[in-house]
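To start, the structure itself, in structure tokens.
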Amino acid sequence: MKNKKAIFYISFFIILGIAFIWYAFPLIKAKQKINDRMPVYGPNETHRVDPFSFTNQDGKTITNEDVKGKVYIVSFFYATCPNICPKMNENMTQVYKAIRGNKNVLILSHTVNPKRDTFQALKAYSLKYDADANQWMFLTGDKKKLYDMARYSYLISAKDDTSGVSIDQDFIHDQHFVLVDGNGQIRGLYDGLNQADITKLIADISRLLKEKNP
25 MKNKKAIFYI
35 SFFIILGIAF
45 IWYAFPLIKA
55 KQKINDRMPV
65 YGPNETHRVD
75 PFSFTNQDGK
85 TITNEDVKGK
95 VYIVSFFYAT
105 CPNICPKMNE
115 NMTQVYKAIR
125 GNKNVLILSH
135 TVNPKRDTFQ
145 ALKAYSLKYD
155 ADANQWMFLT
165 GDKKKLYDMA
175 RYSYLISAKD
185 DTSGVSIDQD
195 FIHDQHFVLV
205 DGNGQIRGLY
215 DGLNQADITK
225 LIADISRLLK
235 EKNP
């Protein structure tokens, strides 16, 4: 009789343990998934990138519809920049090599000197980096719209140009790369001159893709 009681209690606790694992594990996994989510940047939780329309190095119009649902990396530069821009774009090639061929990831490099950086000039510049215009887009367009996107959508501030090449008084010269998700939310900011940040950016792209496609 005692053996039967012992077997009953052992069986009961085994079943109870299995039931606990069965119901608790999905909750633990869901909580872990929430904790693993990358942060969202912006002045508030509803901040999104504004609609845009620019021209890429092939003369094609690129809008926010072309990046909808995709992860993309944003930078601002100008083709005749003699100091930080070449290094930034050299580092961006590391990112490009890591994501090349992945249709869910794009790079948008915007000129801050559209008067000089026509799409033809950007085409010649893009060839230095073997950039496929379908994935690494060098964009030009209306200056005010480019600068408004930098400041108010991607949260990149204007800085003094120390290159000695004066464009005009209103000039954005910033070394940061911005990681944006498929909903137009900013998910990361990275120093484009810092190798550790470049490595982190590449890793975070993979994280964001997994977050998008669990």
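Residues in the sequence shown are numbered from 25 upward in steps of one, following this note's numbering.
The beta-carbon is built from N, C-alpha and C at its ideal position, and this holds for glycine as well.
Report the residue from the options whose alpha carbon sits nearest the alpha carbon of residue i.
| i | options | result |
| --- | --- | --- |
| F114 | A148, I123, K152 | Residue identity differs from the one stated: residue 114 is Glu in this sequence, not Phe. Measuring from the Cα of E114, the nearest candidate turns out to be K152. |
| V95 | N126, G83, H71 | N126 |
| Q199 | G216, P138, F162 | G216 |
| D172 | F143, F100, G206, D90 | F100 |
| G83 | K139, K224, M161, N107 | M161 |
| K134 | C109, N128, S230, R124 | The sequence shown places His at residue 134, rather than the Lys named in the question. Selected option, being the one with the closest Cα: C109. |
| L232 | D90, V91, V129 | V129 |
Applying the 10 Å Cβ sphere with the 16-neighbour rule, what's the burial state of residue i?
| i | result |
| --- | --- |
| D221 | buried |
| A148 | exposed |
| P67 | exposed |
| Q219 | exposed |
| G93 | exposed |
| A227 | exposed |
| K57 | Annotation note: pLDDT 47 at K57 (below 50); position unreliable, no value reported. |
| G165 | buried |
| P106 | exposed |
| I229 | buried |
Rounded to whole angstroms, what's the CA-CA distance from residue i to residue j? Just pull it up for me.
| i | j | result |
| --- | --- | --- |
| Y178 | P75 | 12 Å |
| D141 | A103 | 7 Å |
| K111 | D60 | 32 Å |
| K168 | A145 | 20 Å |
| T70 | L163 | 26 Å |
| Y176 | R72 | 10 Å |
| N207 | M62 | 14 Å |
| S150 | E235 | 31 Å |
| T79 | K121 | 23 Å |
| L225 | K139 | 31 Å |
| G212 | E89 | 21 Å |
| V64 | V91 | 18 Å |
Residue i and residue j look like a contact to me (Cβ under 8 Å); what is the Cβ gap, rounded to whole Å?
| i | j | result |
| --- | --- | --- |
| I210 | V202 | 6 Å |
| Q81 | A174 | Rounded, the Cβ-Cβ distance is 19 Å, inconsistent with contact. |
| I180 | Q159 | Going by Cβ atoms, the distance from I180 to Q159 rounds to 22 Å, so no, they are not a contact pair. |
| I86 | V119 | Not quite, the Cβ-Cβ distance comes to about 18 Å (not below 8 Å), so this is no contact. |
| L170 | V204 | At roughly 16 Å, the Cβ-Cβ gap does not stay under 8 Å, so L170 and V204 are not in contact. |
Based on the DSSP secondary-structure assignment, which residues constitute the bridge partners of residue i?
| i | result |
| --- | --- |
| D215 | H200 |
| M161 | L132 |
| V119 | None, per the DSSP bridge assignment. |
| F78 | I86 |
| Y149 | DSSP, once it has assigned bridges, lists no residue as partnering Y149. |
| S99 | S133 |
| Y65 | I210 |
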